[in-house]
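See structure below.
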Amino acid sequence: MKAILEGSHAVAEAVRLVKPEVISAYPITPQTHIVERLAEMVADGVLESEYICVDSEFSALSACLGASAAGSRVYSATSSQGLLFMAEVVFNVAGMRQPIVMSIANRAVSAPLSIWNDQQDSLCLRDSGWIQLYAEDVQETFDLHLLAYKVAEDHRILLPVFVCFDGFIISHTYEPVDIPEEKDVLAYLPPYVPFNKLDADDPLSMGMYATPEYYMEFRYEIDQAMGRALNVIKQAGKEFKEKFGRDYSELVEAYRLDDAEVAIVAMGSVCGTIKDAIDAMRAEGRKVGLLKIRAFRPFPAEDIKKALAGIRKVGVFEKNVSIGSRMKGAVGYEIKDALSDSSVQVISYVAGLGGRDIRIEDIKKMTDAIEAGNGDCFFGLREELI
Amino acid sequence: MADRTLELVDSGHRACGGCGPAFAARLILKGAGERSIVCASTGCMEVFSTPYPQTAWKVPWIHSLFQNTAAVASGVEAALKRQGRDEHVLCICGDGATFDIGILCISGAFERGHNITYICYDNEAYMNTGIQRSGATPFDASTTTSPAGKKSFGNSRPKKDMPQILAAHGAPYVATCSIAYPNDVIKKVERAVNTDGPCYIQIHTPCCTGWGFDGSKTIDLGKLAIETGLWVNYEIVNGKIEKAKKVKRKPVEEYLRVQKRFAHLFKPSVNTEEIAKIQAIADANAEKFGIDLKI
Chain A
3 MKAILEGSHA
13 VAEAVRLVKP
23 EVISAYPITP
33 QTHIVERLAE
43 MVADGVLESE
53 YICVDSEFSA
63 LSACLGASAA
73 GSRVYSATSS
83 QGLLFMAEVV
93 FNVAGMRQPI
103 VMSIANRAVS
113 APLSIWNDQQ
123 DSLCLRDSGW
133 IQLYAEDVQE
143 TFDLHLLAYK
153 VAEDHRILLP
163 VFVCFDGFII
173 SHTYEPVDIP
183 EEKDVLAYLP
193 PYVPFNKLDA
203 DDPLSMGMYA
213 TPEYYMEFRY
223 EIDQAMGRAL
233 NVIKQAGKEF
243 KEKFGRDYSE
253 LVEAYRLDDA
263 EVAIVAMGSV
273 CGTIKDAIDA
283 MRAEGRKVGL
293 LKIRAFRPFP
303 AEDIKKALAG
313 IRKVGVFEKN
323 VSIGSRMKGA
333 VGYEIKDALS
343 DSSVQVISYV
353 AGLGGRDIRI
363 EDIKKMTDAI
373 EAGNGDCFFG
383 LREELI
Chain B
782 MADRTLELVD
792 SGHRACGGCG
802 PAFAARLILK
812 GAGERSIVCA
822 STGCMEVFST
832 PYPQTAWKVP
842 WIHSLFQNTA
852 AVASGVEAAL
862 KRQGRDEHVL
872 CICGDGATFD
882 IGILCISGAF
892 ERGHNITYIC
902 YDNEAYMNTG
912 IQRSGATPFD
922 ASTTTSPAGK
932 KSFGNSRPKK
942 DMPQILAAHG
952 APYVATCSIA
962 YPNDVIKKVE
972 RAVNTDGPCY
982 IQIHTPCCTG
992 WGFDGSKTID
1002 LGKLAIETGL
1012 WVNYEIVNGK
1022 IEKAKKVKRK
1032 PVEEYLRVQK
1042 RFAHLFKPSV
1052 NTEEIAKIQA
1062 IADANAEKFG
1072 IDLKI
């Protein structure tokens, strides 16, 4: 069924189809419309979940952890300050291998206070052990939620997933969305089968402490599972294509890269703008393409290396800043590392922070800068304010 | 009624000899029974009972973080409800996790009315990290962060009234008890787990290491706290204080003198002024709860 839906409501539709037994979330802009719509669905009996209206994001994810440990499929959503407030639980959930899926409506981090979009919030939790998927538009946001549960709950993985999409730009935008039938979703994502659970008939202890003799191997196992996720996400994406027609069988997506000399690497909604800019530049005869990254964790270094083979210059669009680092953005380092055995130039551009608009003209200017080799800087600053 | 002969917290754990909380854990499970799921906070009990790969717990047990136990329990309870399961959900947390860092999650869980029993084992300081002051530390107790010194008599504030805070949330059943009276602990836990809604139990668990007394005297210390009126065993049922244990009160000095945490009140000479302040706390307790036996 095709529907014109706001991004947040599309996410709520995905959650309705996934049927989590427990939902626990705390309102925060720009995530709020998701949890409001889910509350309506529960109130109307459309969705039969326990909906816990918690006191904070910290409690939201903690309650999800408890429910997941008790054997239920769970769901939460947050943004920005909320994600940082739950950061301690974020690490804990991954360490305890609970396959929780959480929507992140990406938003800048205070101070200064900003409700608008960038990707600082999820990216600063890159080392937490959560899979991180980034969506470009409303349809992809919807689809990645179904895929996320399939990957998280796979017993070879058992890792939690952030489904990231840009706050307002996706969460508050109406787009046509293809909503699959309930039976088809069920065929793709069968009911949750926990690996183990809290159960009086089969007692076990969860979350025990580990001495130096044991700790490292637990962390190693998480990293191994994350490594396995590279292929499991692809398999889940392939199966998704077979069931629903849309292709997520790759963790990166190339756009007009085949004969390109310059590539822009980006994640999220800005990829749409970049594609338009590339079309315009191609019309002017400039050999430029885009590599969109869908999975930031696990990081598909090999796929990126393959996709960018033959490119001369790579510019990374960073909706985050790693303050004090040489390249300024966190994603650029990963790209540089993926291409470390080639002579390709990789430079970062911190852009669009705190919701600053990115237009086709900006992408053209960024392409000029990539070609000139000027980068590792903030892009689009208002010089008069500095 | 739960089978009281069952030992659901096994021997072989790493608690100090004479540990009050370790005894409390056994009593709690005798009251709650084997159809229980325990949610634990970071703290002494978590550390002494679950060094991976060993566990002392014969019931399902989960530890996540220091301050989120009530929220974790909320999730466990919601999941059980949705799955149509019957286990009791218990939180067992120390006083630091309860009075201080975890109060947000507790307040939320109680306000939402989850069917959980939250049990605080109160040893009156952060013992796991080495005896630092908490909101449960009594007036004038010397801890490593509220040390007695030339200008200090130790902790300058009285104990926070957690039972009243949780009763004010509308908890149907709130109780205090002490490991010095084991049957009372078991009975109160049993009542709590069989009461619908969020219940709170605060168990006085003397800590030989943190308070500075011989581990063979743990029960004696618990009794002295009650006999002096510095700890009162009572119940709050639907907001009304009921059944405070009556005693023939002894002077507080008898309780203070046997603990190193109050030793500064007796050196170089007896500090009658400070001890009088502590006596006043006991007197106020006696009046509030009506615990004085009329002879």
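Residue numbers (my numbering), protein chains in the order written: chain A, 3 to 388; chain B, 782 to 1076. Beta carbons are placed, not taken as given, at the ideal position from N, Cα and C, and that holds for glycine.
Checklist line | Supposed contact pair residue 902(B) and residue 887(B) - C-beta distance, whole angstroms, cut 8 Å | finding: The residue given as residue 887(B) occupies position 106 in the second sequence. The residue given as residue 902(B) occupies position 121 in the second sequence. That belief does not hold up - the Cβ atoms of residue 887(B) and residue 902(B) are roughly 14 Å apart, past 8 Å.
Notebook entry, point to check: How about residue 150(A) and residue 140(A): do their beta carbons lie closer than 9 Å?
Noted result: The sequence position of residue 150(A) within the first sequence is 148, counting from 1. The sequence position of residue 140(A) within the first sequence is 138, counting from 1. No; because the gap between Cβ atoms is not below 9 Å, this pair is not in contact.
Notebook entry, point to check: Quick one: what does DSSP say residue 880(B) is sitting in, helix, strand or coil?
Noted result: The residue you call residue 880(B) lines up with position 99 of the second sequence. Correct three-state label for residue 880(B): helix.
Note to self: So if I threshold CB-CB distances at 9 Å, which residues from the segment 51–68 of chain A count as touching chain B?
What the structure shows: 51, 52, 53, 54, 55, 56, 57, 58, 60, 61, 62, 63, 64, 65, 66, 67, 68
Next item on the list: Find the residues of chain B that neighbour residue 211(A), judging by a C-beta separation of less than 9 Å, and give them in chain order.
Entry: Within the first sequence, the letter at position 209 stands for residue 211(A). By Cβ distance, chain B contributes 823, 827, 828, 831, 832, 833, 844.
Check: Among 814(B), 829(B), 786(B), which residue has its Cα nearest to the Cα of residue 210(A)?
Finding: On the first sequence, residue 210(A) is found 208 positions in, with the first residue counted as 1. Nearest of 814(B), 829(B), 786(B) to residue 210(A), Cα basis: 829(B).
Check: Short check: CB of residue 892(B) to CB of residue 950(B), under 9 Å?
Finding: Here residue 892(B) is taken as the residue at index 111 of the second sequence, counted from 1. Here residue 950(B) is taken as the residue at index 169 of the second sequence, counted from 1. Going by C-beta atoms, residue 892(B) is nearer than 9 Å to residue 950(B).
Margin query: So, with DSSP's three-state summary, where would you put residue 79(A)?
Written below: As a working mapping, residue 79(A) is identified with position 77 in the first sequence. Note: residue 79(A) maps to strand in three-state DSSP.
Note to self: Within 10 Å of its beta-carbon, does residue 157(A) have 16 or more other beta-carbons around it, so buried, or fewer, so exposed?
What the structure shows: Counting from one through the first sequence, the residue named residue 157(A) turns up at place 155. That one is exposed.
Check: With contact counted as at least three CB pairs below 8 Å, one residue from each stretch, are the segment 197–204 of chain A and the segment 834–847 of chain B in contact?
Finding: yes
Item checked: Against chain B: residues of the segment 67–97 of chain A by CB proximity under 8 Å -> 67, 68, 69, 70, 71, 72, 73, 74, 76, 90, 91, 94
Checklist line | Span separating the alpha-carbon of residue 827(B) from that of residue 988(B) | finding: Stepping through the second sequence from its first residue, residue 827(B) is reached at position 46. Stepping through the second sequence from its first residue, residue 988(B) is reached at position 207. Near 15 Å, if we compare the C-alpha coordinates of residue 988(B) and residue 827(B).
Note to self: Ignoring anything shorter than 3 residues, give me the beta strand (DSSP E) runs that lie fully in the segment 166–231 of chain A, in order along the chain.
What the structure shows: 176–180
Item checked: Nearest neighbour of residue 366(A), chosen from 353(A), 344(A), 279(A) [CA to CA] -> For this step, residue 366(A) is matched to residue 364 along the first sequence. Of the listed residues, the one whose Cα sits closest to residue 366(A) is 279(A).
Item checked: Reference residue 329(A); option with closest CA among 378(A), 364(A), 355(A) -> On the first sequence, position 327 is the one that residue 329(A) refers to. If we check each option's Cα against that of residue 329(A), 378(A) comes out closest.
Checklist line | Chain-ordered chain A contacts of residue 839(B) [CB-CB under 9 Å] | finding: Along the second sequence, read from residue 1 onward, the residue named residue 839(B) stands at position 58. Those are 205, listed as they occur along chain A.
Margin query: I need the DSSP call for residue 275(A), collapsed to helix, strand or coil.
Written below: In the first sequence, residue 275(A) corresponds to position 273, counting from 1. Helix, per DSSP.
Next item on the list: Could you please give me the residues that DSSP links to residue 923(B) through a beta bridge?
Entry: Walking along the second sequence from the start, residue 923(B) turns up at place 142. Residue 923(B) is not bridged to any residue.
Next item on the list: Rank 849(B), 833(B), 820(B), 810(B) by C-alpha distance to the C-alpha of residue 794(B) and give the top, closest one.
Entry: Here residue 794(B) corresponds to residue number 13 of the second sequence, with the count starting at 1. Minimum Cα distance to residue 794(B) is reached at 833(B).
Margin query: Please report whether the beta-carbon of residue 44(A) lies at a distance below 9 Å from any beta-carbon of chain B.
Written below: In the first sequence, the residue the question calls residue 44(A) occupies position 42. Not an interface residue.
Notebook entry, point to check: Just how far apart, CA to CA, sit residue 796(B) and residue 909(B)?
Noted result: In the second sequence, counting from the first residue as 1, residue 796(B) sits at position 15. In the second sequence, counting from the first residue as 1, residue 909(B) sits at position 128. Cα to Cα, residue 796(B) sits roughly 11 Å from residue 909(B).
Notebook entry, point to check: According to DSSP, what are the bridge partners of residue 844(B)?
Noted result: By one-based count along the second sequence, residue 844(B) stands at place 63. Partner(s): 821(B).
Margin query: Rounded to the nearest angstrom, what separates residue 1051(B) and residue 931(B) at their Cα positions?
Written below: Numbered from 1 along the second sequence, position 270 holds the residue referred to as residue 1051(B). Numbered from 1 along the second sequence, position 150 holds the residue referred to as residue 931(B). Spanning the two alpha carbons is a distance of roughly 15 Å.
Note to self: Between the segment 229–241 of chain A and the segment 291–303 of chain A, can you find at least three pairs of beta-carbon atoms closer than 8 Å?
What the structure shows: yes
Next item on the list: Please name the residue, chosen from 194(A), 6(A), 146(A), that lies closest to residue 73(A) on a Cα-to-Cα basis.
Entry: Taking the first sequence and counting its residues from 1, the one referred to as residue 73(A) is at position 71. Looking at the Cα atoms, 194(A) is the closest of the given residues.
Check: Among 333(A), 122(A), 75(A), 381(A), which residue has its Cα nearest to the Cα of residue 393(A)?
Finding: Residue coverage of chain A in this structure runs from 3 to 388, which leaves residue 393(A) outside it and unanswerable.
Check: How big is the Cα-Cα spacing for residue 254(A) and residue 268(A)?
Finding: Position 252 of the first sequence, counted from the start, is the residue given in the question as residue 254(A). Position 266 of the first sequence, counted from the start, is the residue given in the question as residue 268(A). The alpha-carbon atoms of residue 254(A) and residue 268(A) are separated by roughly 10 Å.
Check: To which residues does DSSP link residue 838(B) through a beta bridge?
Finding: For the purposes of this step, residue 838(B) is identified with residue 57 of the second sequence, where counting begins at 1. In DSSP, residue 838(B) forms a bridge with 790(B).
Check: Does the segment 999–1019 of chain B come within contact of the segment 969–989 of chain B, defined as at least 3 CB pairs closer than 8 Å?
Finding: yes
Note to self: Can you confirm whether residue 806(B), when its beta carbon is compared against all beta carbons of chain A, has any partner nearer than 9 Å?
What the structure shows: What you label residue 806(B) is simply residue 25 of the second sequence in a count that begins at 1. Answer no: the Cβ-Cβ gap between residue 806(B) and chain A never drops below 9 Å.
Note to self: Helix, strand or coil, according to DSSP, for residue 912(B) in the structure here?
What the structure shows: Here residue 912(B) refers to the residue found at position 131 of the second sequence. Three-state DSSP puts residue 912(B) in coil, outside helix and strand.
Notebook entry, point to check: Any residues in the segment 847–862 of chain B with a beta carbon nearer than 7 Å to a beta carbon of chain A? Which ones, in chain order?
Noted result: 849, 852, 853, 854, 855, 856, 857, 859, 860, 861, 862
Item checked: Secondary structure of residue 985(B), DSSP reduced to three states -> Along the second sequence, read from residue 1 onward, the residue named residue 985(B) stands at position 204. Strand at residue 985(B).
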